[in-house]
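Reading the sequence shown from the start, the letters are residues 108 to 449 in this note's numbering. The beta carbon of each residue, even a glycine, is placed where N, CA and C say it ideally should be. It should be emphasised that the depicted structure is a prediction, and the values quoted were computed from it without experimental measurement. Report on the following structure.
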Amino acid sequence: RAGAPPAAPNPGNASRSDPANETRRTALKGISYAPMPLRQETTSRLANEDFAGKSAAALWGPQGRGDLAVIRSLGANVVRVYGIDGDHDHRAFLDEAQAQGLKVIAGISDRPYLHPDGSCSQTNFTCHRQIKKQYLKVLEGGLLRADKTYHPALHSIVVANEPDLMFFPVSEVWRWCKAVVSAVDGLADAERLAGVRGPRPNLTAALSFSLCGRTCRRFSRSPALGQMEELRRAFAAPERVGYRPKNHLGQMYQERFENSVNTRNPFEGKDGIRQRFLDEYDKAFAATPVIIGEYHPPDVAGAPGSSNVSLGSDLAALLAAAEEPSSMLSGAVFHEFQVRYD
């Protein structure tokens, strides 16, 4: 196998209980950004959700609505975007994010996974070729600077959003695990072909907060943890899910991977993220950081059918936990900047 490209030292992938790290950290405080401007019942849906391109500059740019400046003014230090593809140039968005003091979590478009023409669902869930082709175009579209280094505003790449719900039946865990590890393998080859130099961004797959049940070897009653364990096993031994890698994926997992999960659950309480997920995560994944990739607001206290959770206090507790050096939680991305009409 070819050797993996050099990765930047990732302090997040060192154990948070290391005495050298015993200081309060700055939590990642993100807001997701996909300002879909249309109502599905009144007009056709847009072709994609890539709002980090120049075509949407009137929304996020300083000469338009200035959404990135608004996001920063709300106290965020990270913005998460979706559907990044090679049809748009993202340099201006990354430049503006950097000017505003924001890091960017960029999600790859799901077209290579699900598009009816040549998707990896048609190639036995091997996504290497599709992602390599797609990501090479994305790199050329602004993620790389002229010297072939990554844009400094880039924090991480979401290789897939909720892949554990992407392919049916969802009980076939090997399918989405194979898709993710082969996609990361293709991404690594795209970086090599593009001549990438210097530090690399973190990589993640944003999983759902669902139970894996008996289809996972461990954590069958803990949301997302079973899926994360299966994915870790797949990176360590891709052959277990029927994939022969071209790069050292186990090394890439150790050096660049961070877990992430999307959830509508509050942080505190008996059904909360801390009790049902984070406490066990810190024991089982002591060398891999995790971020709440989408923190959907829990029911507002006092509303009909609410869980009596105060949004402000719940989010404050989450971010306080992310600042603790004893936890692998890096932060959370509030979902979302505005109501979507798709």
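Asked                                                                                                           : Found
Contained beta strand (DSSP E) runs [length at least 3] in the region 339-398, N- to C-terminal order           : 366-370
Enclosing beta strand (DSSP E) for A267 [first to last residue]                                                 : L261 to N268
Inter-residue spacing [alpha-carbon to alpha-carbon] between R187 and A213                                      : 6 Å
Length of the line joining the Cα atoms of A183 and Y350                                                        : 39 Å
Identified DSSP bridge partners for K210                                                                        : V185
Per-residue DSSP class, three states only, for G320                                                             : helix
T230: CB within 8 Å of a non-hydrogen atom of the ligand COA                                                    : With respect to the ligand COA, the structure offers nothing, as it holds no ligand at all.
CB of K136 within 9 Å of CB of A439, strictly                                                                   : yes
Of the residues Y220, E431 and W167, the one placed nearest Q207, counting alpha carbons only                   : W167
P411 (DSSP reduced to helix, strand or coil)                                                                    : Bear in mind that a pLDDT of 49 at P411, under 50, signals an unreliable position, so the number given afterwards is only what the model happens to contain. Three-state result, P411: coil.
Cβ neighbours of A312 in the same chain (closer than 6 Å, five flanking residues each side left out)            : V266, A267, P270 and V287
C-alpha distance - Y388 paired with G379, whole-angstrom precision                                              : 13 Å
Residues near L356 in its chain [Cβ-Cβ closer than 7 Å; skip 5 each side]                                       : V288, V291, D292, F342 and P345
Beta bridge counterpart(s) of Y140 as assigned by DSSP                                                          : V188
The region 316-329 in contact with the region 269-284 per 3-pair CB rule at 8 Å                                 : yes
Reference F392; option with closest CA among H195, A427 and R339                                                : R339
Strand pairing of G173, partner residues [DSSP]                                                                 : DSSP, once it has assigned bridges, lists no residue as partnering G173.
Helix, strand or coil at M435 according to DSSP, with G and I counted as helix                                  : coil
C-alpha gap between P144 and K390, whole angstroms                                                              : 42 Å
Under the three-state DSSP convention, the category N315 falls into                                             : Rather than Asn, the amino acid found at residue 315 in this sequence is Ser. Correct three-state label for S315: strand.
Counterpart residues of I215 in DSSP-defined beta bridges                                                       : I191
Euclidean distance between Cα positions of S263 and A134                                                        : 15 Å
G248 - DSSP class collapsed to helix/strand/coil                                                                : helix
Spatial neighbours of Y360 in its chain, beta-carbon cut-off 6 Å, leaving aside the 5 residues before and after : F342
Identity of the residue in L310, S420, I398 and G160 nearest L201 by Cα                                         : G160
Length of the line joining the Cα atoms of S228 and Y220                                                        : 6 Å
Beta-carbon proximity of R131 to E362, cut-off 9 Å                                                              : no
DSSP-derived helix/strand/coil call for F457                                                                    : In this structure the chain extends from 108 to 449, so residue 457 is not present and cannot be described.
Which listed residue (A295, F384 and F441) has its alpha carbon closest to that of I238                         : A295
Cβ pair P396, E365 closer than 9 Å                                                                              : yes
Proximity to R236 [Cα-Cα], best of P352, Q382 and M273                                                          : P352
Reduced DSSP category for G160 - H, G, I as helix; E, B as strand; rest coil                                    : coil
Element boundaries [alpha helix (DSSP H), containing E430]                                                      : No alpha helix (DSSP H) holds E430; DSSP gives it neither H nor E.
Given G373 as reference, the closest of F384, L385 and P405 once Cα atoms are compared                          : This sequence places Pro at residue 373; Gly is not what is there. Comparing Cα-Cα distances from P373 to each of F384, L385 and P405, the minimum goes to P405.
DSSP state of V416 mapped onto helix, strand, coil                                                              : strand
Alpha helix (DSSP H) segment containing E298, residue limits                                                    : V280 to A301
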